[in-house]
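Numbered per our numbering, the sequence shown spans residues 12 to 452. Below: the structure, in structure tokens.
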Amino acid sequence: MKLQHKVTCFYCNKIQAHDFDYPPREGKFTTDETALRCAIHSQFQCSSCKKFHHFSWLYWCEKEQKLICGTCNSPTLKPVSFWGTTYTYCFQCSDCQNEHNDLYYSEFQGTHPWQTKKKRYTKAIINQVDEEENWIPREYREGKSIQLEEALTIPDFALAIRKEKTTVKFHSPLINQEEVNQVEVQNQWELNSSQWIKIVNEISKDDRGDLNRQLIIDPSMWELIGEVKGLRVLDAGCGNGYFSRALAQKGAKVTGVDQSRVFIDYCEKVEQEKKQGIQYLAESMENLNAIDNESYDLIISNIVFIDVLHYRKALIELARVLKPAGRFIWSNLHPVFGRISSIFYRIPMDTPRNEERLYVMIDRYFDSGGTKISWGSMEPIWQFDRTLSEYTSALKEAGFVICEIVEPKPNKDDIKRHPRHLAFDADRIPFFIIYECQKAG
Ligand SMILES: C[S@@+](CC[C@H](N)C(=O)[O-])C[C@H]1O[C@@H](n2cnc3c(N)ncnc32)[C@H](O)[C@@H]1O
Ligand SMILES: [Zn+2]
Ligand SMILES: [Zn+2]
Ligand SMILES: [Zn+2]
12 MKLQHKVTCF
22 YCNKIQAHDF
32 DYPPREGKFT
42 TDETALRCAI
52 HSQFQCSSCK
62 KFHHFSWLYW
72 CEKEQKLICG
82 TCNSPTLKPV
92 SFWGTTYTYC
102 FQCSDCQNEH
112 NDLYYSEFQG
122 THPWQTKKKR
132 YTKAIINQVD
142 EEENWIPREY
152 REGKSIQLEE
162 ALTIPDFALA
172 IRKEKTTVKF
182 HSPLINQEEV
192 NQVEVQNQWE
202 LNSSQWIKIV
212 NEISKDDRGD
222 LNRQLIIDPS
232 MWELIGEVKG
242 LRVLDAGCGN
252 GYFSRALAQK
262 GAKVTGVDQS
272 RVFIDYCEKV
282 EQEKKQGIQY
292 LAESMENLNA
302 IDNESYDLII
312 SNIVFIDVLH
322 YRKALIELAR
332 VLKPAGRFIW
342 SNLHPVFGRI
352 SSIFYRIPMD
362 TPRNEERLYV
372 MIDRYFDSGG
382 TKISWGSMEP
392 IWQFDRTLSE
402 YTSALKEAGF
412 VICEIVEPKP
422 NKDDIKRHPR
432 HLAFDADRIP
442 FFIIYECQKA
452 G
């Protein structure tokens, strides 16, 4: 018997729930098997970068007869309620200088080119669903017996999806951190440092770090840090040194330490140009040989431990150089939601609209270790996932007491100013965590 399966388009159905007269078309296309879609709701090729994109990540310029994607011309969000959504992507056209809305809202307005003219741009993609598929039950076969251990090793489902669907590149599997080599960890950061300096300087002309730092992490860091005037402060894993400079600006006596020579050379160059009295050290915080016991009133460390291989040793070393009752305030990727494998799951997976993300997928949370990955155009680096309890027990072992844990989230004004970066994102789930600790005794 042949089963007929005609499925209507995921988006047409969604629209019909808000617009009773809307006729759902057949779902013939799919990008990832999570949702079948009709031609108008599938992907189209951008006239500029030639890549295929989700229909709501594109606009049509009637004058130039061009279809342009949101990666080639970055949009803002225009709040407008239609078909159960709350905004449209709004593009300032670089060709005709007019404003254009994405194809989704254009369709709602009746200005989608397919509504006004006949099909005249690029053909819709993708894996045409085979309607003739034969649904005959598999033959019964006998499984072979296996050991319980083998039966219990299921793969990390979230990781598999992240590998397949995002721009994060994976260069190694998850490896027990004892097997990761410290020299390589350091060398990879050396390779990354100049690129990092360049990217962050482009994002922040006023030396305030990337957007996550500016809008999510640092406001909470500063709130916990409070007054620093006259204090001796260590910035552990200072990177390009922007946080050291901000501390010095507020009157602290600052030392920045980082394992990467490239970073420290850059920091020293900036210090030469704009003298703030900051000292820099190119050392691993696992071995701060140049620093005496009980030297600092405060240690801060901003998004560093995800990159530190021997984190227990580093914490013990930091406790050593901190004065009794001194504070240690540090941020990190959230051990649950900021895991390397965690991913915001969407249906369909190519939707650029954050509010269509369903939930964050976390799997195999207890699998700690290092993974060699690269973000976007960056060089590969080693990053380490550890559980919340591994970090808290390491803090205890090093002699720290946790005074407060903050899960920072962006404020409403910043979300309004940077909706593309913040809306329906870090206001839903904490990707970062900040610990305020104190040296016991
Ligand atoms: C994500 S970057 C953050 C840099 C800086 N704190 C910031 O917020 O921009 C992590 C930094 O940790 C440094 N790092 C990693 N392991 C380290 C170690 N064992 N000792 C010192 N620095 C280390 C890296 O070289 C890198 O500069
Ligand atoms: Zn449709
Ligand atoms: Zn494009
Ligand atoms: Zn235009």
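Virtual Cβ for every residue (Gly too), placed ideally from N, Cα, C.
Report whether the distance from the Cβ of residue i to the nearest heavy atom of ligand 3 is below 7 Å.
i	result
Lys62	yes
Ser59	yes
Thr83	Going by the sequence as given, residue 83 is Cys instead of Thr. Yes, Cβ of Cys83 sits closer than 7 Å to a heavy atom of ligand 3.
Cys80	yes
Would you give the residue range spanned by the beta strand (DSSP E) that residue i belongs to?
i	result
Asp30	It is not in any beta strand (DSSP E) - Asp30 carries neither H nor E in the DSSP assignment.
Thr87	Thr87 to Phe93
Arg331	Unbroken run through Arg331 is the alpha helix (DSSP H), Tyr322 to Val332; no beta strand (DSSP E).
Ile172	Run containing Ile172: none in the beta strand (DSSP E); it sits in the alpha helix (DSSP H), Phe168 to Lys176.
Leu78	Lys77 to Cys80
In this structure, how does DSSP classify residue i when only helix, strand and coil are distinguished?
i	result
Asn313	strand
Gln283	helix
Asn112	strand
Pro230	helix
Cys414	strand
Leu69	strand
Gln197	helix
Phe254	helix
Tyr376	coil
Val211	helix
Ile358	coil
Lys407	helix
Asn343	strand
Arg224	helix
Pro148	Caution applies to Pro148, whose pLDDT of 45 falls short of 50 and renders its modelled position unreliable; the model cannot decide the point.
Cys448	strand
Leu369	strand
Asp276	helix
Assign residue i to buried or exposed, taking buried as 16 or more other Cβ atoms, counted over all protein chains shown, within 10 Å of its Cβ.
i	result
Gln283	exposed
Phe21	buried
His7	Any property of residue 7 remains undetermined from this structure, which presents the chain solely from 12 to 452.
Ile311	buried
Ile340	buried
Arg272	exposed
Leu399	exposed
Tyr370	exposed
Asn313	buried
Ser156	exposed
Ser2	One cannot answer for residue 2 here, as it falls past the ends of the chain, which runs 12 to 452.
Cys268	Note that residue 268 corresponds to Val in the displayed sequence, not to Cys. Val268 is buried by the Cβ-count criterion.
Glu447	buried
Ala428	Note on identity: in this sequence residue 428 is Arg, with Ala being the wrong assignment. Arg428 comes out exposed.
Asp436	buried
Ile165	exposed
Leu159	exposed
Ser231	buried
Asn84	buried
Thr9	Missing from the structure shown is residue 9; the chain here goes from 12 to 452 and no further.
Cys60	exposed
Considering residue i, what are the terminal residues of the alpha helix (DSSP H) in which it resides?
i	result
Lys423	Lys423 to Arg428
Trp125	Pro124 to Thr127
Thr96	Run containing Thr96: none in the alpha helix (DSSP H); it sits in the beta strand (DSSP E), Thr96 to Gln103.
Got a sec: does ligand 4 put a non-hydrogen atom nearer than 7 Å to the Cβ of residue i?
i	result
Lys74	yes
His111	yes
Cys104	yes
Cys448	no
Cys107	yes
Give a single yes or no on whether residue i has its beta carbon closer than 7 Å to a heavy atom of ligand 1.
i	result
Gly248	yes
Gln206	no
Gln158	no
Leu297	The residue you asked about is not Leu; residue 297 is Glu in the sequence shown. Checking the Cβ of Glu297 against ligand 1 gives yes.
Gln270	yes
Gly220	yes
Ile314	yes
So is the beta-carbon of residue i under 7 Å away from any non-hydrogen atom of ligand 2?
i	result
Arg256	no
Arg36	yes
Arg48	yes
His29	no
Ile51	yes
Tyr22	yes
### Query
Are three or more beta carbon pairs between the stretch 193 to 210 and the stretch 410 to 418 nearer than 8 Å?
Pairwise C-beta distances place the stretch 193 to 210 out of contact with the stretch 410 to 418, as fewer than three of them are shorter than 8 Å.
### Query
Counting pairs of beta carbons, one from the stretch 250 to 262 and one from the stretch 286 to 297, are three or more of them closer than 8 Å?
The stretch 250 to 262 vs the stretch 286 to 297: in contact.
### Query
Touch check for the stretch 224 to 235 and the stretch 431 to 448: three-plus C-beta pairs under 8 Å?
yes
### Query
Quick one: any contact between the stretch 61 to 68 and the stretch 352 to 363, if contact means 3 or more CB pairs under 8 Å?
yes
### Query
If we count Cβ pairs, one from each stretch, closer than 8 Å, do we get three or more for the stretch 41 to 55 versus the stretch 18 to 33?
yes
### Message
Can you confirm whether the stretch 367 to 385 touches the stretch 97 to 113 when touching is taken to mean that 3 or more C-beta pairs between the two stretches lie within less than 8 Å?
### Response
no
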